[in-house]
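Chains as they are written, first to last, in this note's numbering: chain A, 46 to 310; chain B, 6 to 313.
All C-beta atoms in this analysis are idealised placements derived from N, C-alpha and C, irrespective of residue type, glycine included.
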Amino acid sequence: MHSAIILESLRSHWRSVSAWCVGMLAISAMLLAMYPSVQDSAANMDQFIAQFPDALRAMFRMTDYSSGPGYLSTEMFSAMAPLMFIAIGTAWGSSATAGEEDKGTADLLFSLPISRASVVLSKAVAMLLVLALVGVVLAAGISAGTAFVSIELQLSNLMAVCVATAMLGAVFGSVALLLGAMFGKRSLALGISVALAIASYLLFSLAPLVEWLGNLLPYNPFEWATGSQPLFNGWDGPGLIWLALAVIVLCGAAVAAIQRRDFAS
Amino acid sequence: MGSPGAVPAIELADVTKFYGRSRGIEEVSFDVAYGQTLGLLGPNGAGKTTAIRVILGLIRATSGSVTIAGQVVGSGGPALQADVGYLPGTLALYEHMTGLAFLHYLARLRQRDCQVRINELADRFDIDLSRRIHDLSRGNKQKIGVIQAFMHSPRALILDEPTSGLDPIMQHEFESLVGEVKASGCAVLLSSHVMSEVETLADRVAILDHGRLVICQTIQEMRSKAVRRLELEFPQEVSPQDFHALPAILHIEAHGSILSCQVVGDETEVLRLAVEHGLRSVRTEEPSLEEAFLALVDDRNPDVSTRR
């Protein structure tokens, strides 16, 4: 691994990284600002939601909607935050080595006395650091925000859901990294990894409705990350282990894939 | 100088590479010794860049072996590239960086301190390294490409179309820089379309055509194989008939007391016979490398097309 590559990746993208952080904070602030109104109409709201078909409630994992964790879990962590972390992960993963190849800078980079593996791993580490940073910002933002709008939220549960969601982004980011290492095309890596993420999300959200989809859940990264409702139930050890294993295996495959590559001129 | 005895800086032995839709190279062999410059010539798509990319380990040879300083590329790990400088033919830099930040970044990845040499080269090529690369002209970007190839004082340099975009003054500066590093024992592989540049810098020339090595020899040897014009002046009229039989003569015609002929190869016999006829003076034009190159590649192409 090469610290210079990690630092340079972070430095050259600090604008987009800050934009993601600001975006996360803005969405959290917006959701939290609306919570008091939701709470005020809690009785109505719960009644209203009780009228939803079971299927719909199951799809959006609406447990105890008017409670603080229930509200955040539904509005923030069922779709919004996972998709944002996936967007960050796939953007970074796809531009890792494939971005260098697309820009034509791969020629110089890979003719230097550094191994291909260390380039891939350094880029992977940069991606993980960015996801971690945005995750910390999100957790800090929500936890600071709850002070203003009286939400009962266990800090440990909040951290658990942020870590799990950021790692979900890392899984699909690693898919993009692998595809980029295999084919050297950024748009292809981005397109396929995003499509896979959306497919996984659909399979996850439809699973409560379609029986045979339920059988696929144990293989779905969304299930590993959010299936256990960490905002209610805290850290989900096995889920996190599956996520971490997926990241390790995918990055390992990316290292193997790039060794065999012929870089097109 | 070449301390590891006779081990060449760069050596290709029967290297074949097929890949994708692009034409590769077939059984190409050449070497570059320390302190020597090899010019790599050939029409577009002849495989020059493929050969260069195989040496750098950017693509892997299908068969044959590539060695740098006697070590097989790909087996010794990336450390092998530490003493190699590379200027790509299609140069892409990190546009958002300043020239200096870019050079420092590469130096850090090479784990070398190149500050002194960077300053020296920047002065020499008259470039402002504090500007963002994005804002630089093509020629100035090329200068940064040149600096990054030379800044770590490599033992072997691989230069692909190095002077494209440089103005004539900078081209001259570049030529003297290559001369200096060559004199200090650096091996230089120079791929270029600028014949005069190859003629000035190269000791030997390798010509690739359709992925095969046509020829690899010194510039003098190459010239001798090119068609040259010879004008022989005699005190009296001489019949061209007498010269027709000589193998070196391709074409001959008389203009009064002057015979003008096209010759190829060894011209000793022509001159001997001319002296017997009382030769008064000789005028000859040294064939340019370009003529020699064109003669070789033209000769070859009909041959290639009939084989298909």
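In the DSSP assignment, Thr210/A falls within the unbroken alpha helix (DSSP H) covering Leu200 to Phe228.
Three or more beta-carbon pairs separated by less than 8 Å are not found between the stretch 215-230 of chain A and the stretch 95-110 of chain A, which leaves the two stretches without contact. In the displayed model, Lys230/B falls within coil according to three-state DSSP, outside both helix and strand.
Ser112/A sits in coil when the DSSP states are folded into three classes, being neither helix nor strand.
According to the DSSP assignment, Gln246/B belongs to no beta strand (DSSP E) but to the alpha helix (DSSP H) extending over Gln246 to His249.
At a cut-off of 8 Å between beta-carbon atoms, Ile51/A makes no contact with chain B. Below 8 Å, enough C-beta pairs join the stretch 172-190 of chain A and the stretch 56-71 of chain A to call them touching: three or more. In this structure, DSSP gives Phe277/A a helical state, which the three-state scheme calls helix. For the options Phe248/B, Val151/B and His249/B, the alpha carbon positioned closest to that of Glu180/B is the one of Val151/B. Interface annotation, Gln222/B: not in contact with chain A, CB-CB separation never under 8 Å. The C-beta of Ile303/A comes no closer than 8 Å to any C-beta of chain B. In the DSSP assignment, Gly190/A falls within the unbroken alpha helix (DSSP H) covering Arg161 to Thr191.
A Cβ of chain B is located within less than 8 Å of the beta carbon of Ser160/A. In this structure His47/A is buried. Its beta-carbon is surrounded by 16 or more other beta-carbon atoms within 10 angstroms.
Each residue's CA atom was taken as its position, placing Leu17/B and Lys148/A some 29 Å apart. Between the alpha carbons of Met172/A and Ala141/A lies a distance of about 8 Å. Taking all protein chains shown into account, Ile303/A has 16 or more neighbouring C-beta atoms within 10 Å of its C-beta and is therefore buried. In the same chain as Glu178/B, and ignoring 5 residues on each side of it, the C-beta atoms closer than 7 Å to its own belong to Arg129 and Phe130, in chain order.
The alpha-carbon separation between Ser245/A and Ile149/B amounts to approximately 46 Å. Along the length of the stretch 131-201 of chain B, whole alpha helix (DSSP H) runs at least 4 residues long occupy 143-155 and 173-188, reported in chain order. With contacts defined as CB atoms closer than 8 Å, Leu164/B and Ser196/B qualify as a contacting pair. The stretch 223-232 of chain B and the stretch 274-283 of chain B do not touch, with fewer than 3 CB-CB distances between them shorter than 8 Å. Among the residues of the stretch 124-151 of chain A, those with a Cβ less than 7 Å away from any Cβ of chain B are Lys148, Gly149 and Thr150, in the order of the chain. Going by beta carbons, Ser82/A and Leu183/A fall outside the 8 Å limit. In the three-state reduction of the DSSP assignment, Ser34/B falls in the strand class.
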